[in-house]
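Structure, as structure tokens:
2 protein chains.
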Amino acid sequence: MWIVPERVIADLMTREAAFDAVEQVFAAMAAGAARNFPVVREALGHEDALYGFKGGFDGAGQVLGLKAGGYWPHNMDRRGLINHQSTVFLFDPDTGQPTAMVGGNLLTALRTAAASSVSIRHLARPDARVLGMIGAGHQATFQLRAALEQRPFEKVIAWNRSATRLDSLRVVAEEAGVPFESVPLEGMREADVIVTITSAFAPSLLADHVSDGTHIACMGTDTVGKQEVESSLLGRATVFTDEVAQSVTIGEAQHAVAEGLIRAANITPLGAVINGTRPGRVSDRQITLFDGTGVGLQDLAVASAVVDRAIAQGIAIEVEF
Amino acid sequence: MWIVPERVIADLMTREAAFDAVEQVFAAMAAGAARNFPVVREALGHEDALYGFKGGFDGAGQVLGLKAGGYWPHNMDRRGLINHQSTVFLFDPDTGQPTAMVGGNLLTALRTAAASSVSIRHLARPDARVLGMIGAGHQATFQLRAALEQRPFEKVIAWNRSATRLDSLRVVAEEAGVPFESVPLEGMREADVIVTITSAFAPSLLADHVSDGTHIACMGTDTVGKQEVESSLLGRATVFTDEVAQSVTIGEAQHAVAEGLIRAANITPLGAVINGTRPGRVSDRQITLFDGTGVGLQDLAVASAVVDRAIAQGIAIEVEF
């Protein structure tokens, strides 16, 4: 039984390894070889915390387990700890015995960034050169770093409700040698790829802010009621997702489905595009939209990859359990 | 972060500690201070395994976490491992950080035995002297050992579909200095307390096999379709349970409820009896029946107790996580 603590993961895990793990598990999900379990998410009635479990089994990669944890909104203020806290537990699918316990905080950020990157790799135009960012929280820097690796972007444009917070994104873009510009929402018409990563309950990006041929990755909506983009944009776009069942209930597509603008049957699992069983982008004028809801199998996939790396590098702690 | 491996638990945990932990958490549940989360239970499509999570939060004891694991039916045949495999993970309810990982196999047996013992303590007649056992699997020996401590029993009578398997119970009874007798089902009329612990899908104990004044603890039914006792027995008895929602859906009461013999509102949480807010046994002629379905909070309660003992005795393994 291996322990990989949170503190060692930053030096162990790469964006490339996270990308490969997430791409593979999306493919396995679409092929029916990997399956997420029902999500448990509970308000504790203590510290205003939300806590739960996201589990799954990837029969292709033989990865079984869960991520447990949640959101403790007073952690930072009261204790100097980050508010999102999670831990991944892996089990031997042959026996049911635990095999690994892995810090899940950084991995969650990396797997979420990897998901939008996988969507850009498979759905953005090859000639995409302008990357748009909506949102400037902690997770936005992860999304930006990962997205920048998928095309030879020549400019990053970004919008946030509070523009002063955009400096964290400016630093990331400039580190990558890419010019950065703060723009109004209308300025997003210049973008070839747009990543939205907010916790909003009302749309900021409207259909009129998006040009034909754009790829949009909506990464912020994971709960009933949240919304990042105008629902008519989904009617105008070809919609892809990590998991259709989540997309239509807690993802960005929930609103367009409720309004009858699209149907679940019109939403394509990104894994099917990866597998080549369903078409991805078919024209340079088409808007593609990836609804990234976040699934437990992503967490298990990156955790399994990090355990392999930790063992190989002699960093994993072995415990006789 | 503490690790308490399966191998050290037999020497650490006592039936008394398990009894106290389960009694306290039943009381907290009934008082509304502790709550089980929705259960996840999935067929993996691999090794014929069932796998899932039982989580909960005890706000009274400040215990948060889950038991993860399940049933791997080929473990023993193929690998010499026990078929039920589970692990308990505890979290700090103030921060969401993991605090302990505990082997759950023996604890599951102890907490299940403790549940029927708690029901006997609170619901059996004080003058109960004959203990009846239905079922003779591995878990039956745990139920018997724990039950024997609750009254000065003078005889154990037992029935199993295959009578040859009763020897394991005979050994336990004789170790405790109590005479043991294998009986036909009709012989159960002599029992003052009956514990059923089978995995049957059809009743063995019929209403006609039970005398007035008996306390019955039905501990085997935890799934839709399973059944240990004739449903009319529940109509005749006063019914108690660990958790009403489970009792009427996956517990022994599912059949009597479906047949209209009892209603959920007629079933009393055992914790309310412990708390003194609802009556338990009110006459020597009354049949009391405890429907023990098994809840995650029981697992967390005994795991938390064992972690405290392991730390106090210097046996817990500390890992910087």
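Quick note, the sequences are listed as chains A and B, same order. All the letters of the first sequence, read from the start, carry residue numbers -3 to 317 under our numbering. All the letters of the second sequence, read from the start, carry residue numbers -3 to 317 under our numbering. Yeah, the Cβ is synthetic: ideal placement off N, Cα and C, and Gly gets one too.
Legend entry - Pro175 of chain A, buried or exposed, once every other Cβ within 10 Å from all chains shown has been counted against 16: exposed
Inset, instruction - Tell whether a beta-carbon distance below 8 Å holds between Gln282 of chain A and Gly209 of chain A. - result: yes
Inset, instruction - Pick helix, strand or coil for Met(-3) of chain B, following the three-state DSSP scheme. - result: coil
Legend entry - Which listed residue (A:Val114, A:Pro34, A:Leu86, A:Gln223) has its alpha carbon closest to that of Asn271 of chain A: A:Val114
Inset, instruction - Might you give, ordered along the chain, the residues of its own chain that have their beta carbon closer than 6 Å to the beta carbon of Ala96 of chain A, omitting 5 neighbours on each side? - result: Trp(-2), Leu86, Val303
Legend entry - Segments assigned alpha helix (DSSP H), at least 4 residues, entirely inside the region 89 to 164 of chain A: 101 to 119, 134 to 144
Legend entry - Per-residue burial, Pro122 of chain B [other beta carbons within 10 Å of its own, 16 or more giving buried]: Exposed, by the Cβ-count rule.
Inset, instruction - Spell out whether any CB of chain A is found under 8 Å from the CB atom of His42 of chain B. - result: yes
Inset, instruction - With a threshold of 16 other CB atoms inside 10 Å of the CB of His134 of chain A, please say whether the residue is buried or exposed. - result: exposed
Legend entry - Gly65 of chain A to Asp16 of chain B span [Cα, whole Å]: 28 Å
Inset, instruction - Please list, in chain order, all residues of the same chain as Ala169 of chain B whose beta carbon is under 6 Å from its beta carbon, the five residues on each side excluded. - result: Val152, Phe176
Inset, instruction - Taking Val84 of chain B as the reference, give the member of B:Lys63, B:Leu40, B:Ile311, B:Thr192 with the closest Cα. - result: B:Lys63
Legend entry - Identity of the residue in B:Gly267, B:Ile307, B:Thr289, B:Ile311 nearest His118 of chain B by Cα: B:Gly267
Legend entry - Coarse secondary structure for Thr237 of chain A, derived from DSSP in three states: strand
Inset, instruction - Taking a Cβ distance cut-off of 9 Å, strictly less, list which residues of the region 208 to 219 of chain A are near chain B, in chain order. - result: none
Legend entry - Cross-chain neighbours of Ala34 of chain A in chain B, by beta carbon under 7 Å: Here residue 34 of chain A is Pro; the residue named in the question, Ala, does not match the sequence. Going along chain B in sequence order, the residues near Pro34 of chain A (Cβ under 7 Å) are Val36.
Inset, instruction - Could you have a look at His42 of chain A and say whether DSSP puts it in helix, strand or coil? - result: Reduced to three states, the DSSP call for His42 of chain A is coil.
Inset, instruction - Identify each residue in the region 265 to 298 of chain A for which the Cβ-Cβ distance to at least one residue of chain B is less than 8 Å, and report them in chain order. - result: none
Inset, instruction - Flag Arg75 of chain A as yes if its beta-carbon sits less than 8 Å from any beta-carbon of chain B, otherwise no. - result: The beta-carbon of Arg75 of chain A is placed less than 8 Å from the nearest beta-carbon of chain B.
Legend entry - C-alpha distance - Leu257 of chain B paired with Leu229 of chain B, whole-angstrom precision: Between Leu257 of chain B and Leu229 of chain B, the C-alpha separation is close to 9 Å.
Legend entry - Neighbourhood of Ile193 of chain B by C-beta, 6 Å cutoff - its chain only, sequence neighbours within 5 removed: Gly131, Gln135, Ala136, Gln139, Met215, Gly216
Legend entry - Uninterrupted alpha helix (DSSP H) stretches inside the region 174 to 262 of chain A (no shorter than 4 residues): 227 to 232, 240 to 245, 249 to 254
Legend entry - Cα-Cα separation, Thr264 of chain B to Ala23 of chain B: Looking at the two C-alpha atoms, the distance is approximately 12 Å.
Inset, instruction - Pull out every residue of the region 297 to 317 of chain A whose Cβ sits closer than 8 Å to any Cβ of chain B, in chain order. - result: Ile313, Val315, Glu316, Phe317
Inset, instruction - Indicate whether at least one CB of chain B lies closer than 8 Å to the CB of Trp(-2) of chain A. - result: Put simply, the CB of Trp(-2) of chain A is far from chain B, with every gap to its CB atoms at 8 Å or more.
Legend entry - Beta-bridge pairing of Gly320 of chain A - partner residues as DSSP gives them: Residue coverage of chain A in this structure runs from -3 to 317, which leaves residue 320 of chain A outside it and unanswerable.
Inset, instruction - Taking Glu182 of chain B as the reference, give the member of B:His205, B:Leu162, B:Thr160, B:Tyr67 with the closest Cα. - result: B:His205
Inset, instruction - Measure from the alpha carbon of Ser207 of chain B to the alpha carbon of each residue in B:Thr219, B:Arg232, B:Glu224, then state which is nearest. - result: B:Arg232
Inset, instruction - Closer than 7 Å by beta-carbon distance: list the chain A residues that pair up with Ala26 of chain B, in chain order. - result: Result: empty, since nearest Cβ-Cβ is about 16 Å, beyond 7 Å.
Inset, instruction - Starting from the beta carbon of Thr91 of chain A, find every residue of chain B whose beta carbon is closer than 7 Å, and list them in chain order. - result: Trp68, Asn71, Arg75, Leu77, Gln81
Legend entry - Straight-line Cα distance separating Gly76 of chain A from Ser112 of chain A: Using only the alpha carbons, I get a separation of about 29 Å.
Inset, instruction - Tell me, please, whether the CB atom of Pro1 of chain B is closer than 8 Å to any CB atom in chain A? - result: yes
Inset, instruction - Using a cut-off of 7 Å between C-beta atoms, extract the partners of Ala45 of chain B located in chain A. - result: Gly92
Legend entry - Integer-rounded CB distance, given that Val98 of chain B should sit under 8 Å from Ala299 of chain B: Separation of the CB atoms of Ala299 of chain B and Val98 of chain B is rounded to 4 Å, and the pair is thereby assigned contact status at 8 Å.
Inset, instruction - Determine which residues share a DSSP beta bridge with Val36 of chain A and list them. - result: BP columns for Val36 of chain A point to A:Phe49.
Legend entry - Limits of the unbroken alpha helix (DSSP H) element including Phe22 of chain B: 11 to 26
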